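Start counting the sequence shown at 236; every next residue gets the next number (my numbering). All C-beta atoms in this analysis are idealised placements derived from N, C-alpha and C, irrespective of residue type, glycine included. It should be emphasised that the depicted structure is a prediction, and the values quoted were computed from it without experimental measurement.
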Amino acid sequence: TNTREAALGFIFATENTDLLMVSSIGKAIERTTGITDNEWVAIHVAQEPDHVEEANHALLADFTAEQEQAVLEAADEMWRLWTAFFDRLAIESDVKATASR
236 TNTREAALGF IFATENTDLL MVSSIGKAIE RTTGITDNEW VAIHVAQEPD
286 HVEEANHALL ADFTAEQEQA VLEAADEMWR LWTAFFDRLA IESDVKATAS
336 R
């Protein structure tokens, strides 16, 4: 896989999941600390739609079919990596919550 296409695929996948991740981080902070006005979360939630739009524009570049396939394969791999990360986080959190009961 060409490095450029792999990078674009990873960026595309991450930008398209960032809004959910950032808003979830904000909810976790609120549940844990009670803080509802988190400037970092607010800024990132406001910026994410623009980031997604720019990632989409990058993918509308003049790619060959092979390049487009390489981008999509890299995006799929990044989504698998993010899913595995959050699956592991959920398992670890559940194990710690169960142990503390």
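DSSP three-state assignment for residue i, whether helix, strand or coil
i: T267; result: helix
i: D297; result: coil
Opening and closing residue of the alpha helix (DSSP H) in which residue i lies
i: E285; result: The amino acid occupying residue 285 in the given sequence is Asp; Glu does not appear at that position. Run containing D285: E274 to L294, per the alpha helix (DSSP H) assignment.
CB contact flag (residue i, residue j, <8 Å)
i: E250; j: H286; result: yes
i: S258; j: V280; result: yes
i: E240; j: Q282; result: no
i: A290; j: F247; result: yes
i: E308; j: G244; result: yes
i: T317; j: T268; result: The question names Thr, but residue 317 is Trp in the sequence shown. Contact flag unset, no.
Would you call the region 310-318 in contact with the region 266-286, where contact means no fewer than 3 C-beta pairs closer than 8 Å? By the Cβ test, the region 310-318 is not in contact with the region 266-286, since fewer than three Cβ pairs between them sit closer than 8 Å.
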